[in-house]
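Working notes, beginning with the structure itself.
Encoded structure:
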């Protein structure tokens with residue numbers, strides 16, 4: 001069985017955050033041929049199923065960079081988390097850098113999740129995070145923390161590099177970036193590549209070939225376990241270095257183009 005593991009933002013979605021008719025057609029064609037089609041994204045589940053076309057396809061969805069794995073029937077097969085004590089230690093470090101911090105949990109995003117910020121100016125985003133009380137979140141019963149995401153202004157990318165340097169090797173976390181101005185922190189058990197390997201064991205299947213599609217730093221781990229890795233033309237140069245193939249941009253149906261023209265399916 002062949003597997004197609006596909007990132008969303010910057011990959012399957014165009015810059016308007018839409019799935020083109022051409023990309024959707026190829027998704028359906030791959031599924032009809034009996035291949036395993038997987039959405040492998042940094043987004044939370046609720047931010048994936050808002051796309052009705054994906055929801056109706058009945059395909060596995062790996063969310064929050066492999067933190068929660070959903071079957072094609074939407075059953076939770078695996079869930080990783082950040083222990084509260086580790087979260088507190090992490091948060092105390094992050095808040096020193098003056099970043100916008102989002103906490104992904106089983107009870108939503110605090111104060112929000114990243115898709116809510118898309119299209120907003122830095123000034124509008126600042127209002128969301130100004131004086132936000134993160135302590136109130138911790139009083140919720142049965143809270144499970146999946147991911148902490150820190151975002152900088154576009155003209156302060158050096159803060160992201162500084163955060164990564166401060167955290168590298170210090171805390172038991174997976175560190176990745178889906179975009180140059182963010183850093184995503186999840187359980188050390190969770191990344192997109194580990195999720196692909198774990199899924200095969202969970203459902204007792206073996207992927208003869210894995211084709212991984214992505215554009216961000218959080219896609220590097222799935223590139224490493226893939227038989228063939230495909231980076232979008234809109235990906236940063238440092239991400240393209242990990243890919244076997246470079247396809248067209250996400251605004252040029254790069255996913256569909258790669259499937260039809262660049263790889264042997």
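Residue numbers (the numbering used here): 1 to 265.
Backbone N, C-alpha and C fix where the C-beta goes; we use that ideal spot for every residue, glycine too.
Beta-carbon gap between residue i and residue j smaller than 8 Å
{"i": "residue 221", "j": "residue 250", "result": "no"}
{"i": "residue 87", "j": "residue 146", "result": "no"}
{"i": "residue 47", "j": "residue 115", "result": "yes"}
{"i": "residue 260", "j": "residue 68", "result": "no"}
{"i": "residue 212", "j": "residue 194", "result": "no"}
{"i": "residue 2", "j": "residue 99", "result": "no"}
Identified DSSP bridge partners for residue i
{"i": "residue 187", "result": "173"}
{"i": "residue 278", "result": "The requested residue 278 does not occur in the structure, where the chain is confined to residues 1 to 265."}
{"i": "residue 163", "result": "Answer is none; residue 163 lacks a bridge partner."}
{"i": "residue 101", "result": "150"}
Whole-angstrom C-beta distance between residue j and residue i, which should lie under 8 Å
{"i": "residue 239", "j": "residue 215", "result": "7 Å"}
{"i": "residue 59", "j": "residue 31", "result": "7 Å"}
{"i": "residue 188", "j": "residue 173", "result": "6 Å"}
{"i": "residue 148", "j": "residue 101", "result": "7 Å"}
{"i": "residue 162", "j": "residue 97", "result": "6 Å"}
{"i": "residue 53", "j": "residue 24", "result": "5 Å"}
inquiry  = Could you tell me which whole beta strand (DSSP E) segments of length 3 or greater appear in the stretch 8 to 90?
reply    = 36 to 40, 61 to 63, 68 to 70 and 76 to 79
The stretch 118 to 127 in contact with the stretch 75 to 91 per 3-pair CB rule at 8 Å = no
request  = Can you check the stretch 119 to 151 for any beta strand (DSSP E) of at least 3 residues that lies completely inside it and give the ranges in chain order?
outcome  = 145 to 151
ask   = Which parts of the stretch 179 to 256 are runs of the beta strand (DSSP E), unbroken and 3 residues or longer, counting only runs that do not cross its ends?
value = 182 to 187, 209 to 214 and 228 to 231
inquiry  = So, does the stretch 31 to 39 touch the stretch 15 to 23, judging by three or more C-beta pairs under 8 Å?
reply    = no
query = For the stretch 168 to 186 against the stretch 45 to 62, are there 3 or more C-beta pairs whose distance is under 8 Å?
reply = no
query = Does the stretch 105 to 114 come close enough to the stretch 195 to 204 to have 3 or more Cβ pairs within less than 8 Å?
reply = no
request  = Kindly confirm or deny that the stretch 130 to 145 and the stretch 165 to 179 touch, where touching means at least three C-beta pairs closer than 8 Å.
outcome  = no
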